[in-house]
Amino acid sequence: MGVILYEMVTGQLPFEGETPLSTAMKHKGEIPIDPREFNPEIPEDLSFLILKCMEKEKEKRYQNPEELHSELLNIEKGIPATERAHPKRKPLTSKEITVTFGLKKLLIPVSLIIAIMVATLIIWNPWSEKEAPAFSSDRTSIAVLPFQDFSQKKDQEYLCMGIATELINRLNKVENLWVPARASSFSFKGKEIDIQEIGSRLNVKNVLTGTLQKANSSLRISVELINVDDNNTLWQETYQRDEGDIFNMQDEISLAVLEGLKIKLLGKEREKIIKRGTENIEAYHLYLRGLYHAEMGIEEGALKALDYFQQAVEKDPDYARDYERAGCQSRHGQSGR
Numbered sequence: 119m120g121v122i123l124y125e126m127v128t129g130q131l132p133f134e135g136e137t138p139l140s141t142a143m144k145h146k147g148e149i150p151i152d153p154r155e156f157n158p159e160i161p162e163d164l165s166f167l168i169l170k171c172m173e174k175e176k177e178k179r180y181q182n183p184e185e186l187h188s189e190l191l192n193i194e195k196g197i198p199a200t201e202r203a204h205p206k207r208k209p210l211t212s213k214e215i216t217v218t219f220g221l222k223k224l225l226i227p228v229s230l231i232i233a234i235m236v237a238t239l240i241i242w243n244p245w246s247e248k249e250a251p252a253f254s255s256d257r258t259s260i261a262v263l264p265f266q267d268f269s270q271k272k273d274q275e276y277l278c279m280g281i282a283t284e285l286i287n288r289l290n291k292v293e294n295l296w297v298p299a300r301a302s303s304f305s306f307k308g309k310e311i312d313i314q315e316i317g318s319r320l321n322v323k324n325v326l327t328g329t330l331q332k333a334n335s336s337l338r339i340s341v342e343l344i345n346v347d348d349n350n351t352l353w354q355e356t357y358q359r360d361e362g363d364i365f366n367m368q369d370e371i372s373l374a375v376l377e378g379l380k381i382k383l384l385g386k387e388r389e390k391i392i393k394r395g396t397e398n399i400e401a402y403h404l405y406l407r408g409l410y411h412a413e414m415g416i417e418e419g420a421l422k423a424l425d426y427f428q429q430a431v432e433k434d435p436d437y438a439r440d441y442e443r444a445g446c447q448s449r450h451g452q453s454g455r
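The opening residue of the sequence shown carries number 119 in my numbering; numbering runs sequentially from there.
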């Protein structure tokens, strides 16, 4: 997240080398330049937060989502990081900063940057993975692999990754289910590895795979739940609907997977699982496209990401706030474990 945000507010990558190896070595050993040296318009607190996200030592980074989330809200309210007991400054909501990408200059509202960070924190939560159970544990486990794009034009990868990520986040809200984090499951993207090998590496007993095919406004999603021990299919289904029905399809898949795993939902878990960040299908697609391009870590990707994020917020200004509320409720519900 730190690298993405760094490029978003400066228009530059924090580390650049002549080769991928030299870039990686700089990333590992060098301290990034303060973003404000590239762009003095960046609020000091936002610069501090980005640099803290990129600390080399794990202990110096934010230790949990609540800590980072709280800092984001304080920045938006205008409370200095080193002066929390002092009176509030003027909120940064209306402030804009100029970001230069090559020959292009963009005016980006700080409120948009905060919204992107909050929603990204909820959707791409790097702390979401629970402690891995031993294979002897009675706790059910499942890995959700990135879906494959079977569309003729092969232009739906952003949606394949987005749907798989959504399912990971939903299933992770279930008390008696362990789900490896997105980064772990997505490390197998594009690799031909046996299901049993994936299960062994991720320490799970079940794997969910899927394919997606889009033709005009029709969306075809096929999913299969596989038991790692015997390679048997526990459940499979194909959904073919209008693309506008994607939210209902995600609801149905999530609940069907849990039924296939014979997991009974407790209390308000069902409500949490089908909680949506937006009902606006256009905003949803725009946001997923933004996240997809933001992960590319290149200038062109960052420009596209900002454009998509801006469009998503224009379509549904409450999108990030809804995700924020859902994330807070989810973390509050899990805090008693």
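Even glycine gets a Cβ: it sits at the ideal position worked out from N, Cα and C.
Closer than 7 Å by C-beta to R359: which residues in its own chain qualify, once you throw out the five before and the five after it? Chain order, please. Start at 1 with the first residue of the sequence shown, and residue 359 comes out as number 241. L337, M367, listed in sequence order.
Quick one, are the C-beta atoms of Q266 and T351 less than 8 Å apart? Here residue 266 corresponds to residue number 148 of the sequence shown, with the count starting at 1. Here residue 351 corresponds to residue number 233 of the sequence shown, with the count starting at 1. The answer is no: Cβ separation not under 8 Å.
C-beta atoms of V346 and I313 nearer than 8 Å: Numbered from 1 along the sequence shown, position 228 holds the residue referred to as residue 346. Numbered from 1 along the sequence shown, position 195 holds the residue referred to as residue 313. Against a cut-off of 8 Å, the Cβ pair of I313 and V346 comes out as a contact.
Sorted by chain position, which residues of the same chain lie with C-beta nearer than 7 Å to K291's C-beta, five sequence neighbours on each side aside? For the purposes of this step, residue 291 is identified with residue 173 of the sequence shown, where counting begins at 1. These residues qualify, in order along the chain: E387, K390, I391, S448.
Within the region 269-349, note down every full alpha helix (DSSP H) run reaching 4 residues or more, in order along the chain. 275-289, 300-303, 313-320
Mapping the DSSP letters down to three states, classify R359 as helix, strand or coil. Counted from its first residue, the sequence shown places residue 359 at position 241. In the structure shown, R359 sits in a strand (DSSP, three-state: E or B).
Find the nearest neighbour of K332 within the set E370, H411, D273, judged by alpha-carbon distance. Against the sequence shown, residue 332 aligns to sequence position 214. Ranking the options by Cα distance to K332, first place goes to D273.
At what residue ranges does the region 123-197 contain a whole run of the alpha helix (DSSP H), taking only runs of 4 or more? 138-147, 153-156, 162-171, 183-195
Return yes when the C-beta of Y402 is under 7 Å from any heavy atom of the ligand NAP, and no when it is not. The model on display carries no ligand, and the ligand NAP is accordingly not part of it.
For a test of the three-state rule: what should DSSP assign to D434, helix, strand or coil? To locate residue 434, count along the sequence shown from 1; it is residue 316. Three-state DSSP puts D434 in coil, outside helix and strand.
Alpha carbon of I381 to alpha carbon of T327, nearest angstrom: Counting from one through the sequence shown, the residue named residue 381 turns up at place 263. Counting from one through the sequence shown, the residue named residue 327 turns up at place 209. About 19 Å.
Quick check: what's the CA-CA separation for Y405 versus A430? The residue given as residue 405 occupies position 287 in the sequence shown. The residue given as residue 430 occupies position 312 in the sequence shown. If you take the alpha carbons of Y405 and A430, they lie about 6 Å apart.
Exposure label - M143; buried when at least 16 CB within 10 Å: To locate residue 143, count along the sequence shown from 1; it is residue 25. By the 10 Å Cβ count, M143 comes out exposed.
When K422, D436, V341 are compared against I371, the one with the closest alpha-carbon: To locate residue 371, count along the sequence shown from 1; it is residue 253. Checked all of K422, D436, V341; the closest Cα to I371 is V341.
Around the Cβ of L424, are there at least 16 other Cβ atoms within 10 angstroms (buried) or fewer (exposed)? For the purposes of this step, residue 424 is taken as the residue at position 306 of the sequence shown. When all chains shown are included, L424 counts as buried.
Quick test of your reading: V262 and I286, contact by CB under 8 Å. State the CB separation rounded to the nearest angstrom. Along the sequence shown, read from residue 1 onward, the residue named residue 262 stands at position 144. Along the sequence shown, read from residue 1 onward, the residue named residue 286 stands at position 168. Confirmed, Cβ separation roughly 5 Å.
From L383, E159, P264, S259, pick the residue whose C-alpha is nearest to that of Y410; which is it? Taking the first residue of the sequence shown as position 1, residue 410 is located at position 292. Of the candidates L383, E159, P264, S259, the one whose C-alpha sits nearest the C-alpha of Y410 is P264.
Tell me where the alpha helix (DSSP H) around I391 begins and ends. Taking the sequence shown and counting its residues from 1, the one referred to as residue 391 is at position 273. Its alpha helix (DSSP H) spans residues 387-391.
Give the straight-line distance between the Cα atoms of G120 and I316, rounded to the nearest whole angstrom. Locating residue 120 in the sequence shown gives position 2, counting from the first residue. Locating residue 316 in the sequence shown gives position 198, counting from the first residue. Cα to Cα, G120 sits roughly 29 Å from I316.
Reducing DSSP to helix, strand and coil, say where L384 ends up. Against the sequence shown, residue 384 aligns to sequence position 266. It is coil, neither helix nor strand.
Could you tell me the distance, in whole angstroms, from the CA atom of K170 to the CA atom of Y180? Here residue 170 is taken as the residue at index 52 of the sequence shown, counted from 1. Here residue 180 is taken as the residue at index 62 of the sequence shown, counted from 1. So the alpha carbons of these two residues sit roughly 7 Å apart.
Within 10 angstroms of its Cβ, does P158 collect 16 or more other Cβ (buried), or is it exposed? Working through the sequence shown from its first residue, we reach residue 158 at position 40. P158 is exposed by the Cβ-count criterion.
By DSSP's criteria, Q354 is part of a beta bridge. Which residues make up the other side? The residue labelled residue 354 in the question sits at position 236 within the sequence shown. In the DSSP output, where bridge partners are listed per residue, Q354 has E342.
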